[in-house]
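*Asks:* Chains as they are written, first to last, in this note's numbering: chain A, 1 to 512; chain B, 1001 to 1307.
All C-beta atoms, glycine included, are put in the ideal place defined by N, C-alpha and C.
Predicted, not measured: the structure shown is a model, and the values here were computed from it.
Have a look at the structure that comes next, please.
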Amino acid sequence: MSSTMSFKTVTVSALGLLLVSGALASPVFADGTLTVSSPQDPGSWDPVDTFLVNWASVGTNLFDGLTYRGPDMKLVPALATSWNVLDDGMRIRFKLREGVTFHDGEPFNAEAVKFTFDRLLGEEGAKGPQQSNYTAIENVEIIDDNTVDFHLKAPDPVLLTKLAGYGAMIVPPQYIKEHGETYFNTHPVGTGPFQFVSYEPKVDIKLKAYDGFWGDGPKLSELDYRFISEPSTAVAELQSGGVDIVIPPTIPIAMIPTIEDDDNLDLITTSGPTVYALRFNTADGITADERVRKALIMAVDRKSIVDGILGGQAQVIASFQGERSFGFDPEMQPLPYDPDKAKQLLEEAGVKPGAQVQIDIRGNDATFAEVTQAVAAYLSMVGITASIHPVETNTLLNDIIPQGKTGAMFQQSWGGWTFDFDNTAYAMYHSGQKWNPYDSDPKMDELLESQRSLTDPKERERILQQIAHYAADRALELPLYSLNAIYGVNKRVKHFVPAPDNRMRLNDVEVE
Amino acid sequence: MTGFIVKRFAQAIFVVIAVSLIVAVAIRMTGDPALMIAQGATNITQADLDRIREGLGLNQPFLVQYLDSLRGLVTWDLGNSFVGGTPVNLLVDKALPATLSLAFASMFVSIAVSIPLGIRAAVARGRGSDQLIRIFSLLGLSFPNFWLATMLVLLFSITLKWLPPSGMSGFASFIMPAVTMGVILTATNVRLVRTTMLDTLNSQYIMVARAKGLSERKVLYKHALRNCAIPLITYFGLQFGGLLGGIVVIERVFNWPGMGTLAFDAVAARDYPVLQSVIMILALLIVGINLLVDIAYGIVDPRIRTK
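Now the structure itself:
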């Protein structure tokens, strides 16, 4: 299994080719329209309203945060040019960029920052899901026109990352006051490289280049997003030239060959945030025994599943996180595939051949259904009979798991855009969390709580890695793989860099 | 006659209310929209969820929510979508014409094909072209429409690049979805036209027409077809109602911005206001069409009234 850990940062077959062709400077125009197929219309473009990744695919081009994190995962200045963490992490001072204007012409300043966060943390933010992510912020104080202080209730080590996306996008105070909240939902205005042109619900949103952008302006003149939810339809549009890019999560593994075989198309992939695991009922049944859990892990050849079913578009994982996650330990090895050892452990635990386990999975995920069938086949080889029980995704997530009514194993696929292991680990392992109905472990709780307010990144990373090791030692889940973010791209598109988290900013992209 | 209309009308209202109750109760059994909205938030607390529910109006008792939705339907103020807060009226104003125009186009395709073919089959009863038409009709019935849609896209969009594979953007975009739906309808309609035509062709007045020495063409299209028209129009009318329900799958395959797409997304998102509105509007249309057919029958045929 050791070979599975040596994956590269960007597993891209076509990207190298793309970069070369871009470097050769084939004739490209300084303008042009790029059409993107997005699987979901978030319904509102207001940053405080949604968690949908497909909001971010558009929103990242419309809005700026104080910080920015691009596909290279480095946190860099955006609307703030610099910042200082003060008072043991209880206060952060931001110097703001000068001379920035919103798309409607109003200036960006300290007032706009205060307005944005008052709104997010106030009544308007309370109606949406984003507020809960920023509750560490007590208030924003205006020091002068270009300086603000964030006063925190408690240190939040992930806050600077969270300021780069979603609810923390800076919004225009005058515009919202003048036009109202409802209007803003469907007529967004920000400071980003593209500005809003039109939006037709369930059909498309159109943007155009904003010539007053503070950074390197876009090379495209127009940027259109069409909402196409059916994967085969999106791929048909890509093949016929109706769209230039199909963004995740759309293209299923089974359609990868269709794109690879098309001379006009590239498949561009990068390691994404979403990881897949089959978690265990650690409270009842045979999986209450740690030896059984380890046996079930060792019975499954995860490498073969990744190569055979996922076309290599995934990496085997040792803990519930991918390689880009903060808290990922490159040294950590998954339990090896060892059916003999598995049988031995089962025998020790007194599990008789023919023992039954039920595996609950999300019913709409055809690829994972195939993966689970392979898992069941491997389990049968060590004498365990697995029955697969597909359930509608939201029923599984919101009813069956929280109420602890799953089978011995159940699917969990998760990963936050912040790529911080705390986001996953706390939700999966802390006592009383809705997705942790079975396990309660004071040592785990203590570890999880201890890192939450640490401002020293090194120490925090060490504890997060320790959490990952501890969860693996206790075999709380059967870690399967981290799935790539898969983009289908027309070859006329140049300089496209795949965003691992769908937060793609397209100012460098050109079309032939 | 008035009594008959009043009775039918009362029955229609009863059906609509029953549908609205079933929909309202059923969708609330599928899950909590607040949990869906907060899915990405791992730090969410019960208080956060309660706040989101309050914002959606879900803290009200069921009866209040239900009556509000009925009132909304009557005053044509359908509330706001749970996903992003878009007014449902705005969504329906675009989606309903999209669905209706596709349904009309499909009916047009079906009628334009099934009437000549059905007549041909009736005239050639038992002979080669009748057999051939019946085999094609059986094939048409057996195709799953999403498969046919995929094959059309493969041929006309990907290989030939003649037609756009999805979306609603002018005449060309109607062709594949309308043909897909039309073929399925045609399969049944051809048989219906054939049977109706056969009945008519055996009537005595057709024999009289032929005996008068009229051309076969005139006999078929002027005398026979006219007499077939009443049952056929009735059937097509009822079929139109059924078509509105069956269009969901086709809308999804062709990414058609209609009521089916709205309903599909709304189910996945537990978007009560959108789903309730879409189903109620479709139910009203279908019940309305059936009511008109019933009343029309009652007017034409006194025996139906008295039953």
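Using Cβ-Cβ distances below 7 Å, what residues of the region 39-64 of chain A are close to chain B?
*Replies:* Listed by position, the residues of the region 39-64 of chain A near chain B (Cβ gap below 7 Å) are 42, 43, 44, 49, 50, 51.
*Asks:* Is residue 229/A closer than 9 Å to residue 1188/B when the C-beta atoms are compared?
*Replies:* Position 188 of the second sequence, counted from the first residue, corresponds to residue 1188/B. Position 229 of the first sequence, counted from the first residue, corresponds to residue 229/A. Against a cut-off of 9 Å, the Cβ pair of residue 229/A and residue 1188/B comes out as no contact.
*Asks:* Out of 1031/B, 1124/B, 1007/B, 1087/B, which one is the CA nearest neighbour of residue 1201/B?
*Replies:* Residue mapping note: residue 1201/B aligns to position 201 of the second sequence, counting from 1. That would be 1124/B, whose Cα lies nearest to the Cα of residue 1201/B.
*Asks:* Looking at residue 1102/B: is its Cβ nearer than 9 Å to the Cβ of residue 1250/B?
*Replies:* Walking along the second sequence from the start, residue 1102/B turns up at place 102. Walking along the second sequence from the start, residue 1250/B turns up at place 250. Taking 9 Å as the Cβ cut-off, residue 1102/B and residue 1250/B qualify as a contacting pair.
*Asks:* Could you give the distance in angstroms between the alpha-carbon of residue 1039/B and the alpha-carbon of residue 168/A?
*Replies:* In the second sequence, the residue the question calls residue 1039/B occupies position 39. In the first sequence, the residue the question calls residue 168/A occupies position 168. When rounded, the distance between both Cα atoms is 18 Å.
*Asks:* Check whether the region 308-316 of chain A and the region 463-472 of chain A touch, using three or more Cβ-Cβ pairs below 8 Å as the test.
*Replies:* no
*Asks:* Please state whether DSSP places residue 486/A in a helix, a strand or coil.
*Replies:* To locate residue 486/A, count along the first sequence from 1; it is residue 486. DSSP places residue 486/A in strand when its eight states are reduced to three.
*Asks:* When the distance is taken between beta carbons, is residue 481/A closer than 9 Å to residue 305/A?
*Replies:* Taking the first sequence and counting its residues from 1, one reaches residue 305/A at position 305. Taking the first sequence and counting its residues from 1, one reaches residue 481/A at position 481. Yes, the pair counts as a contact, with Cβ atoms nearer than the cut-off.
*Asks:* For residue 1264/B and chain A, any beta-carbon pair shorter than 9 Å?
*Replies:* Start at 1 with the first residue of the second sequence, and residue 1264/B comes out as number 264. Yes, residue 1264/B lies at the interface with chain A (some Cβ there is under 9 Å from its Cβ).
*Asks:* Of all the options 337/A, 324/A, 190/A, which has the alpha carbon lying nearest to the alpha carbon of residue 484/A?
*Replies:* Residue mapping note: residue 484/A aligns to position 484 of the first sequence, counting from 1. Ranking 337/A, 324/A, 190/A by Cα distance to residue 484/A puts 324/A first.
*Asks:* What is the rounded straight-line gap between the Cα of residue 493/A and the Cα of residue 1265/B?
*Replies:* The residue labelled residue 493/A in the question sits at position 493 within the first sequence. The residue labelled residue 1265/B in the question sits at position 265 within the second sequence. So the alpha carbons of these two residues sit roughly 30 Å apart.
*Asks:* So, under 8 Å CB-CB, residue 277/A and residue 479/A are touching, yes? Tell me the CB distance rounded to an integer number of Å.
*Replies:* Here residue 277/A refers to the residue found at position 277 when the first sequence is read from its first residue. Here residue 479/A refers to the residue found at position 479 when the first sequence is read from its first residue. Yes, residue 277/A and residue 479/A are in contact; Cβ-Cβ is about 5 Å, under 8 Å.
*Asks:* So that I know if they touch, is there some Cβ in chain B lying closer than 9 Å to that of residue 129/A?
*Replies:* The residue given as residue 129/A occupies position 129 in the first sequence. Judged by the 9 Å Cβ criterion, residue 129/A is in contact with chain B.
*Asks:* Between the region 190-200 of chain A and the region 58-66 of chain A, do at least 3 Cβ pairs fall closer than 8 Å?
*Replies:* yes
*Asks:* Given that a residue counts as buried once 16 or more other Cβ atoms are within 10 Å of its Cβ, and exposed if not, what is residue 354/A?
*Replies:* As a position in the first sequence, residue 354/A is number 354, starting the count at 1. That one is exposed.
*Asks:* For residue 1076/B, is the classification buried or exposed, using 16 other Cβ atoms within 10 angstroms of its Cβ as the cut-off for buried?
*Replies:* Here residue 1076/B is taken as the residue at index 76 of the second sequence, counted from 1. Residue 1076/B comes out exposed.
*Asks:* Is the region 155-171 of chain A in contact with the region 87-101 of chain A, if contact means three or more CB pairs nearer than 8 Å?
*Replies:* yes
*Asks:* Kindly indicate which residue of 1026/B, 1069/B, 1085/B has the alpha-carbon position closest to the one of residue 45/A.
*Replies:* Walking along the first sequence from the start, residue 45/A turns up at place 45. Looking only at 1026/B, 1069/B, 1085/B, the smallest Cα-Cα distance to residue 45/A is reached by 1085/B.
*Asks:* Using a Cβ cut-off of 9 Å (strictly closer), state whether residue 405/A contacts chain B.
*Replies:* Along the first sequence, read from residue 1 onward, the residue named residue 405/A stands at position 405. Judged by the 9 Å Cβ criterion, residue 405/A is not in contact with chain B.
*Asks:* Output needed in chain order: residues of the region 1029-1059 of chain B with a Cβ under 8 Å from some Cβ in chain A.
*Replies:* Those would be 1030, 1031, 1032, 1035, 1036, 1037, 1038, 1039, 1040, 1041, 1042, 1043, 1044, 1045, 1048, 1051, 1052, 1055, in chain order.
*Asks:* Mind listing which residues of the region 1138-1154 of chain B have their C-beta closer than 7 Å to chain A's C-betas, in chain order?
*Replies:* 1150, 1153
*Asks:* Please determine if the region 328-346 of chain A and the region 359-369 of chain A are in contact, where contact requires at least 3 C-beta pairs separated by less than 8 Å.
*Replies:* no
*Asks:* Would you call the CB atoms of residue 301/A and residue 378/A closer than 9 Å?
*Replies:* By one-based count along the first sequence, residue 301/A stands at place 301. By one-based count along the first sequence, residue 378/A stands at place 378. Contact: yes.
*Asks:* Using a Cβ-Cβ cut-off of 8 Å (strictly less than) and excluding sequence neighbours within five positions of residue 256/A, which residues of its own chain qualify?
*Replies:* Walking along the first sequence from the start, residue 256/A turns up at place 256. Answer for residue 256/A: 267, 311, 313, 486, listed in chain order.
*Asks:* Tell me, please, which residues DSSP counts as bridged to residue 246/A.
*Replies:* As a position in the first sequence, residue 246/A is number 246, starting the count at 1. 37/A, 488/A, per the DSSP bridge assignment.
*Asks:* Residue 29/A to residue 491/A, Cα distance in whole Å?
*Replies:* Residue numbering aside, residue 29/A sits at position 29 when the first sequence is read from its first letter. Residue numbering aside, residue 491/A sits at position 491 when the first sequence is read from its first letter. Confidence is the limiting factor: at residue 29/A the pLDDT is only 41, short of 50, which leaves the residue's position unreliable, though a coordinate-based value still follows. Cα to Cα, residue 29/A sits roughly 15 Å from residue 491/A.
*Asks:* With a Cβ-Cβ cutoff of 9 Å, do residue 72/A and residue 54/A count as a contact?
*Replies:* In the first sequence, the residue the question calls residue 72/A occupies position 72. In the first sequence, the residue the question calls residue 54/A occupies position 54. No. Outside cutoff.
*Asks:* Might you give, ordered along the chain, the residues of its own chain that have their beta carbon closer than 8 Å to the beta carbon of residue 380/A, omitting 5 neighbours on each side?
*Replies:* Locating residue 380/A in the first sequence gives position 380, where the first residue counts as 1. So the qualifying residues of the chain are 386.
*Asks:* State the DSSP-derived secondary structure class of residue 409/A, mapped to helix, strand or coil.
*Replies:* Indexing the first sequence from 1 puts residue 409/A at position 409. In this structure, residue 409/A counts as strand in the three-state DSSP scheme.
*Asks:* Since residue 1091/B meets chain A, which of its residues come closer than 8 Å, beta carbon to beta carbon?
*Replies:* In the second sequence, residue 1091/B corresponds to position 91, counting from 1. Chain A residues near residue 1091/B: 201, 202.
*Asks:* Out of 219/A, 263/A, 188/A, 213/A, which has the shortest C-alpha to C-alpha gap to residue 205/A?
*Replies:* Counted from its first residue, the first sequence places residue 205/A at position 205. Considering only alpha carbons, the answer is 188/A.
*Asks:* For residue 1186/B versus residue 1114/B, is the C-beta spacing smaller than 9 Å?
*Replies:* Working through the second sequence from its first residue, we reach residue 1186/B at position 186. Working through the second sequence from its first residue, we reach residue 1114/B at position 114. Against a cut-off of 9 Å, the Cβ pair of residue 1114/B and residue 1186/B comes out as a contact.
*Asks:* If you count every other CB in all the chains shown that lies within 10 Å of the CB of residue 414/A, and 16 or more means buried, which is it?
*Replies:* Locating residue 414/A in the first sequence gives position 414, where the first residue counts as 1. Residue 414/A should be labelled buried.
*Asks:* With a threshold of 8 Å on Cβ separation, who are the neighbours of residue 391/A within its own chain once the five nearest residues in sequence on each side are excluded?
*Replies:* For the purposes of this step, residue 391/A is taken as the residue at position 391 of the first sequence. Excluding sequence neighbours, residue 391/A sits near 360, 361, 362, 363, 400.
*Asks:* Who are the neighbours of residue 1257/B on chain D, taking C-beta pairs under 8 Å?
*Replies:* Of the chains in the structure shown, none is chain D; the protein chains are A and B.
*Asks:* In or out: residue 143/A buried (at least 16 other Cβ within 10 Å) or exposed?
*Replies:* Here the question's residue 143/A lines up with position 143 in the first sequence. By the 10 Å Cβ count, residue 143/A comes out exposed.
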